[in-house]
Amino acid sequence: MTVELYLKATNERNEKHEKHEKRRPPPGMAAVIHLGEPGRPGYLLHHNLARLPAAAGLPGQAVSAFLLAALGVWTADKFLPRSATPDAWTRQITLNLPVSPGWLPLASRLSSLLNFLTGDDWTLKLREAPLDLGLKGQWPSAWRPDGVMLFSGGLDSLVGALDFLEAGQGLLLVSHYDFGQLASIQQSLAAALLRHYGSDRVRHLGIRVQFPEAPELSMRSRSLLYLALGLAAAVSFGAATPLIIPENGWISLNPPLTANRLGSCSTRTTHPFFLEQLTGLWREVGLVNPLVNPYKNLTKGEMVRRCRTRDLLRQLFGESVSCARPVVSRWQGGKAGPCGCCYPCLMRRAALHTLGWDRGEDYVRDGLAEPETLAHRGRGRDLRALLLAVSTWEKSPAEIEARLMLGVDPEALPASLAAARQVLDRGFREIAGWLRDKGPEWVSGYGN
């Protein structure tokens, strides 16, 4: 069954745009989603997008259209539960979106890219409409950054900010949050960087986008929203301003650990193929800001070891959170904090272990200290997969390489696979070293 949603980009204070978009949505819509004022029919996206600066002319319209598309995709991703589908994963989603003229011929290609990102079957119905998201006309000061960096509050984004600031770069850190604890983490880390480097070197822009109707938690499309917010900021400072994604190469490739994690069951948020195809679409509509991931060939452990200021990283890394579900324990009546059992927490621990900074007590649960973890259906899922993957890599690397989706032309496949193989090998050795040094006997014997 196809579920169709309709995104309305209206501003009740702008009569011209309101009149243009006032026609009724087509019949059969599962939901109408809008960015307008509270009290309108349909589902309201809560946001503070007015904090974003705006670019003038065609780039401004093109980036506004992409931001609206990202908002619509992210909302649909959260709105439609995967559990309601026959395979409990793949949804058929049709999304009606208002766009600027340059995006109209790109609907099919953008749909295909969304299929790759989320594992669903997307159909985009694009309609030309005037776009006014209420973005600011200009940055409120004379300060200009050398680059715009996505700043999630995780360990990778902290290392990235430290590296660029230590190198003398001026950064605008752009964050997205949809709940208060995440905002607090981002603000605390950004404030620490501001105190250390000064406001002439670093500024922070936290953007709130919340959708209260959110039964689905997999959120494979969140990176699209993050990229759109960062791009909107970068474009406003000129076409030469780069958008920087500080993400380690292991998680960008995100090799499926087991045969049950093929396809989009392993996230593709910063996958090289996804980023390459996306920037190709941007260029076709006139958005030419460079998109840079300077860590695409490094493991997470290599990122932290090579940080330009290890002393400051040691002071701040404990405030960063790399957890997939940091508030779950609070919902269950326990203390809030990184769970210690999810895949991002395990990868973070393995990376920090390379510096001797890993401590199980920093997490709600120390997954390596509880023998019952492996047998637990939920808490042990990612540890079991990681142990099996390490064992498989040591015995038969080709089996894991065969699961990779590189998405490149056949001519480029040998070189891409060779580069990926190097990152995977160093990453697996990093994980195996952590498990060997910190894991008890019941861990080391699993999968062998």
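When you line the sequence shown up against my numbering, it's residues 3 to 450, in that order.
Cβ coordinates follow ideal geometry from the N, Cα and C atoms, glycine included.
What you are looking at is a predicted structure, and each value in this text was computed from that prediction instead of being measured.
Reduced DSSP secondary structure (H/G/I, E/B, other) of residue i
| i | result |
| --- | --- |
| tyrosine 199 | helix |
| glutamate 130 | strand |
| isoleucine 209 | strand |
| tyrosine 345 | helix |
| tryptophan 395 | helix |
| histidine 273 | coil |
| valine 425 | helix |
| serine 238 | helix |
| tyrosine 228 | helix |
| lysine 10 | strand |
| valine 204 | strand |
Proximity test, residue i beta-carbon vs the ligand SAH heavy atom, cut-off 7 angstroms
| i | result |
| --- | --- |
| leucine 376 | The ligand SAH is not part of this structure, which contains no ligands at all. |
Inter-residue spacing [alpha-carbon to alpha-carbon] between residue i and residue j
| i | j | result |
| --- | --- | --- |
| alanine 192 | glutamate 413 | 43 angstroms |
| arginine 263 | valine 366 | 25 angstroms |
| proline 147 | proline 373 | 49 angstroms |
| leucine 135 | proline 103 | 17 angstroms |
| leucine 283 | leucine 128 | 15 angstroms |
| leucine 152 | valine 176 | 5 angstroms |
| valine 306 | serine 220 | 27 angstroms |
| arginine 332 | glycine 342 | Confidence at arginine 332 is low in this model, with a pLDDT of 47, below 50, so the placement of that residue is unreliable and no value is reported for it. |
| lysine 227 | glutamate 443 | Reading the sequence as shown, one finds leucine at residue 227 and not lysine. Between leucine 227 and glutamate 443, the C-alpha separation is close to 43 angstroms. |
| glycine 441 | alanine 67 | 49 angstroms |
| proline 132 | leucine 51 | 17 angstroms |
| threonine 269 | arginine 222 | 6 angstroms |
| glutamate 325 | proline 214 | Reading off the sequence shown, one finds cysteine at residue 325, where the question assumed glutamate. Approximately 21 angstroms between the Cα atoms of the pair. |
| tryptophan 395 | leucine 97 | 40 angstroms |
| serine 85 | arginine 93 | 9 angstroms |
| glycine 240 | alanine 234 | 10 angstroms |
| tryptophan 408 | serine 143 | A quick correction: the sequence has leucine, not tryptophan, at residue 408. Taking the straight line joining both Cα atoms gives about 42 angstroms. |
| glycine 182 | threonine 375 | 29 angstroms |
| proline 416 | lysine 10 | 45 angstroms |
| leucine 174 | leucine 207 | 7 angstroms |
| leucine 318 | proline 28 | 51 angstroms |
| alanine 389 | phenylalanine 430 | Position check: residue 389 holds leucine in this sequence, whereas alanine was assumed. Cα to Cα, leucine 389 sits roughly 10 angstroms from phenylalanine 430. |
| arginine 386 | histidine 273 | 24 angstroms |
| serine 154 | isoleucine 209 | 11 angstroms |
| histidine 355 | aspartate 384 | 18 angstroms |
| glycine 55 | histidine 36 | Note on identity: in this sequence residue 55 is proline, with glycine being the wrong assignment. Between proline 55 and histidine 36, the C-alpha separation is close to 21 angstroms. |
| valine 287 | tryptophan 141 | 23 angstroms |
| proline 100 | glutamate 130 | 6 angstroms |
| alanine 216 | glycine 170 | 41 angstroms |
Beta bridge counterpart(s) of residue i as assigned by DSSP
| i | result |
| --- | --- |
| aspartate 535 | The structure shown has nothing for residue 535, since the chain only spans 3 to 450. |
| methionine 151 | Leu175, Ile246 |
| lysine 440 | DSSP, once it has assigned bridges, lists no residue as partnering lysine 440. |
Where are the alpha helix (DSSP H) runs, 4 residues long or more, that stay fully inside the region 277 to 310, in chain order? 302 to 307
Which runs of the alpha helix (DSSP H) at least 4 residues long sit entirely within the region 25 to 106? Give them in chain order. 59 to 81
Does the pairing of the region 240 to 258 with the region 159 to 170 give three or more beta-carbon distances under 8 angstroms? yes
Examine the Cβ distances between the region 62 to 79 and the region 198 to 210 and report whether three or more of them are shorter than 8 angstroms. no
Does the count of Cβ pairs from the region 426 to 443 and the region 351 to 364 closer than 8 angstroms reach three? yes
The region 251 to 259 in contact with the region 393 to 409 per 3-pair CB rule at 8 angstroms: yes
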